[in-house]
Amino acid sequence: MSRKHKSSKPYLLIFAALFISVLVLSGCHGSSGREEFAVPDGLDAGRKFEITFWAKNDTNKRQTEIYQNAAAEFEKVYPDIHVNIRLYTNYGDIYNDVITNIATGTTPNVCITYPDHVATYLTGSNTVVPLDSLIEDKRFGLGGSEVAFDSVKKDEVVPQFLEECTIGQNIYALPYMRSTEACYVNKTYVEKLGYELPDILTWDFVWEVSEAAMAKDADGKFVVNGQNVMIPFIYKSTDNMMIQMLRQKGYGYSDESGEILLFNDDTASILKTVAQHGKTKAFSTFKISSYPGNFLNAGQCIFAVDSTAGATWMGSKAPLMDISADKVVDFETAVRMVPQFDTSDPKMISQGPSICIFNKEDPQEVLASWLFAQYLLTDDVQIAYSNTEGYVPVTERARNTQQYREYLAMEGADDTEHYDIKIKASRLLLDNVDKTFVTPVFNGSASLRDAAGELIENCVKSVRRKQEVDDAYIQKLYGDVNSLYRLDQIGGDQEVKKDLGPLPAAAKLLLGGLAIVWCGIIISALLRFINEKKKKQPEII
Amino acid sequence: MKKKVLAVIMAAGLSLTMAACTTQQPAAPAEPTEAAPADPTEAPAEPTEAAEEPTPTEPATETPEEPDAVMTYAEYAAAEVDDPVVIEAYVQATQSWWDGKITVYAQDKDGAYFIYNMTCISQEEADKLTEGTKIRVNGFKAEWSGEIEIADGAYEIVNGDTYVAEAKDVTDKLGTDELIDYQTQKVLFTDMTVESVAYKNDEPGDDIYVKLSKDGAEYDFCLEYYLNGSDEEFYNKVGGLKAGDVVDVEGFLYWYEGVNTHITAVTVK
């Protein structure tokens, strides 16, 4: 009996090892260890929750106050949920910190983000909570019956903005605010140069006026402003510049599968045009020169393209200003859509912060996070925050309130809350939502965006440095930028939420080795079994 | 004996299996922006700051060819914006290394150089740029919001002598056109009165904006976080300045739409 028992040990050992191997193999590939989030039955009564919210402001104290006030008001409704706010002043810092904290499992609960960034966060499995089931949940979803505040309903969120937060098959973020880019124009100087400012700017018009503004008098001063400095056209975000030019022309940038189409002859033609005006110094960029608003307000720029979320820095009466009062020049500021190639079919980018929720081991904590994220869509928060800059609320409900309508109607009533340029910038988006677009989101789309801007930056820098931007230059630039941003590693046919793809070669090799070892073990055990049986046979007979 | 061998083989196999399929973490962004502040507000779970050593990226554009001769400061000052320049100077301070780049405050006996985002392949190389180290830099002269700088620069360390500049008292130059002649140099302002102190982000963890006055005129100063924000004692000292305090301030005479000195030392009187 004991002998029989002893002889069975190798098989038990083999089966146990096989069982463990299967568990290990099935569990380890494509999982970060986080369970997929499932909406719990309810929020545990009496439990205390501490959640972190990483927020971004535009170095605007009012925005900080609104976040803090939103957290305080939320805590009045949900006294057991405490919100800790950590403030950032740019999306890039949030992105970097989130990437780092994914690795250490210390992501925030709620985070202001761009969909492009969420796509990168999703490379860790179950890192970001898909919001579809939460949004639709009858009790805790948008407008849910058990939400303890006046929650916005799904159909009250501007559908296009919610769609922008869809990655693959799932919604991974809630829109928080929306903005676009605007061209802030020194109308006084445009007219001084003999031009009439059109309602919709064309690229040709902007280039032509910009070149005209480069004329100097006998003393070497610019005729249009009588100063030593004039950069007629400055673009803040050259990534947006390239993306919008490509979209307006119908040229390739990327597709939904992550296929990169940026590096082509059409892009080259745009780069050559930009370089032509960079060479005369009629055009420059934020990275090369500084903030467009600083030059605009000093009468040293005519066309300043920046976000509508930067409207309070634009114009000679701007409430926020980085230059000293003695440098500000008085002029009439006009707000226009970014320049277009086809005025009958204008296109402009949709941008602005969204909110994502990071997955945690405790679904209760995630539910608490979701409730706070929802709270940021309530009317008071939406209206207050949108009024700080040229943002627009992302809910129809907030837009249709009397409070918001009155705010818009008071355009120009003062140079602070009702600063006319800010409200004009908001109206630019409100009136043209149907003309906005977003670029496809995939893991790597954030890098592609950077690369698009880098092409323009490099061309402008190079021509200023007396290099020729020709076909050979552009081909080399394509290679350099492709390599810099590792775009060749992105490739197409990506599917977000797909696991980690095929096994790495090293893993395949090791698994293959393991299979061989097991085969050897099994064969050895079988041979041993047969041998033992042969030895025992005479006794049995 | 055979069973022991069998057990060892199986254990090794399992170990290899587990090692082979650890979950991949998301890759760091190709070109992250500046590292985040190193002093987060309190949170239930301590967040980890952005990685100190991301994979460096190569510049997309080539650095200029090495010119024949190193420029004197006068030649550098006379060069046009966008011209290629090559200088030799001594490191006075650096900002945080990040993503293959570092910003350097350099100076020699004749003048100072702000070398913005100079290519530097690693933190290890950055650590060699200690105060006083002589470097040769070639790049392009640039101007950003009034600050004359060297952009897209590459460097090499020049072995030999070292030099640490003394802070020059330029208090009497405040409000004059002469002040800009000392741009980027290590300077000293004495008996300044604190008017206001504000955190860039309304909370500690980023730049600190300080307004100091002299003879009724106010001037902007800044504790540049990436220059010395990691010095907790100094950061708290500047953050704790009160309106009315009288101070001597040392710093680099940086320019942003006017003088905006990057503070390196403060003495409260």
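Chains as they are written, first to last, in the numbering used here: chain H, 132 to 672; chain C, 6 to 274.
All residues carry an ideal CB built from backbone N, CA and C; glycine is no exception.
Item, Value
"Using 10 angstroms around the beta-carbon of H:THR547, count the other beta-carbons present and answer buried if the total reaches 16, otherwise exposed.", "exposed"
"Are the CB atoms of C:GLU255 and C:LEU193 within a distance shorter than 9 Å?", "yes"
"By Cβ distance, which residues of its chain are closer than 6 Å to C:VAL215, with the 5 residues on each side in sequence left out?", "VAL202, PHE226"
"Are the CB atoms of H:LYS478 and H:THR567 nearer to each other than 9 Å?", "yes"
"Where does C:LEU228 sit, in a helix, a strand or coil, going by DSSP?", "strand"
"Can you name the start and end residues of the beta strand (DSSP E) that H:PRO450 belongs to?", "That residue, H:PRO450, is in no beta strand (DSSP E); it is neither H nor E in DSSP."
"How big is the Cα-Cα spacing for H:ASN191 and H:ALA515?", "13 Å"
"Return no unless some Cβ of chain C is closer than 9 Å to the Cβ of H:ILE362.", "no"
"Quick one: residues in its chain with C-beta nearer than 7 Å to the C-beta of H:ALA279, no 5 flanking neighbours on either side, listed in chain order?", "VAL208, TYR209"
"If the cut is a Cβ gap below 7 Å, which residues of chain C does H:ASP453 touch?", "GLU262"
"C:TRP102 versus chain H: which residues are under 7 Å apart at the beta carbon?", "Result: empty, since nearest Cβ-Cβ is about 14 Å, beyond 7 Å."
"So is H:ILE654 buried or exposed if we call it buried at 16+ other beta carbons inside 10 Å?", "exposed"
"Any idea if H:GLU312 is buried or exposed, counting beta-carbon neighbours within 10 angstroms, 16 or more meaning buried?", "buried"
"What did DSSP end up calling C:GLY144 once you bin it into helix, strand or coil?", "strand"
"Pull out every residue of the segment 173-201 of chain H whose Cβ sits closer than 8 Å to any Cβ of chain C, in chain order.", "GLU181, ILE182, THR183, ASN188, THR190, LYS192, THR195"
"Rounded to whole angstroms, what's the CA-CA distance from C:ALA131 to H:LYS403? Just pull it up for me.", "37 Å"
"Give the secondary structure of H:TYR219 by DSSP, where H, G and I count as helix, E and B as strand, and everything else as coil.", "strand"
"Ignore the nearest five residues each way along the sequence and tell me which others in H:LEU451's own chain have a CB closer than 8 Å to its CB.", "ASN191, THR443, TRP444"
"How many Å lie between H:GLY272 and H:ALA499 at the Cα?", "12 Å"
"Which of the three DSSP states, helix, strand or coil, is assigned to H:LEU78?", "Because chain H spans 132 through 672 in this model, residue 78 of chain H falls outside it and cannot be assessed."
"Where do the N-terminal and C-terminal ends of the alpha helix (DSSP H) with H:TRP501 fall, by residue?", "494-506"
"Whole angstroms are fine: how far does the CA of H:SER475 sit from the CA of C:LYS205?", "43 Å"
"Does the structure place the segment 556-573 of chain H close enough to the segment 347-358 of chain H that three or more beta carbon pairs sit under 8 Å?", "no"
"Closest to H:VAL92 by CA distance: which of H:GLU295, H:GLY325, H:ASN221, H:PRO306 is it?", "Residue 92 of chain H lies beyond the range of chain H shown here (132 to 672); nothing can be said about it."
"Specify whether the segment 450-467 of chain H and the segment 220-230 of chain H touch according to this definition: at least 3 beta carbon pairs, one from each stretch, less than 8 Å apart.", "no"
"Using a cut-off of 7 Å between C-beta atoms, extract the partners of C:PHE145 located in chain H.", "ARG596"
"Return the Cβ separation of H:ALA504 and H:VAL321 in integer angstroms, given the expectation that the two are a contact with Cβ distance under 8 Å.", "Not really, about 44 Å apart at Cβ, beyond 8 Å."
"Judging by CA-CA distance, which residue of H:ALA406, H:ILE480, H:ASP602, H:GLY424 is the nearest neighbour of H:CYS590?", "H:ALA406"
"Does DSSP put H:GLY158 in a helix, a strand or coil?", "Confidence at H:GLY158 is low in this model, with a pLDDT of 39, below 50, so its placement is unreliable and the value that follows should be read with caution. It is helical."
"State buried or exposed for H:VAL355, treating a residue as buried only when at least 16 other CB atoms are found within 10 Å of its CB.", "buried"
"Please list the segments of the beta strand (DSSP E) lying wholly inside the segment 116-141 of chain C, counting only runs of 3 or more residues, in order along the chain.", "117-124"
"CB H:ASN425 to CB H:ASP457, shorter than 9 Å?", "no"
"Please name the residues in the segment 414-439 of chain H whose beta-carbon is closer than 8 Å to at least one beta-carbon of chain C, in chain order.", "ILE419, SER420, SER421, TYR422, ASN425"
"Contact check, H:PRO524 vs H:TYR535 under 8 Å by CB: the rounded distance?", "7 Å"
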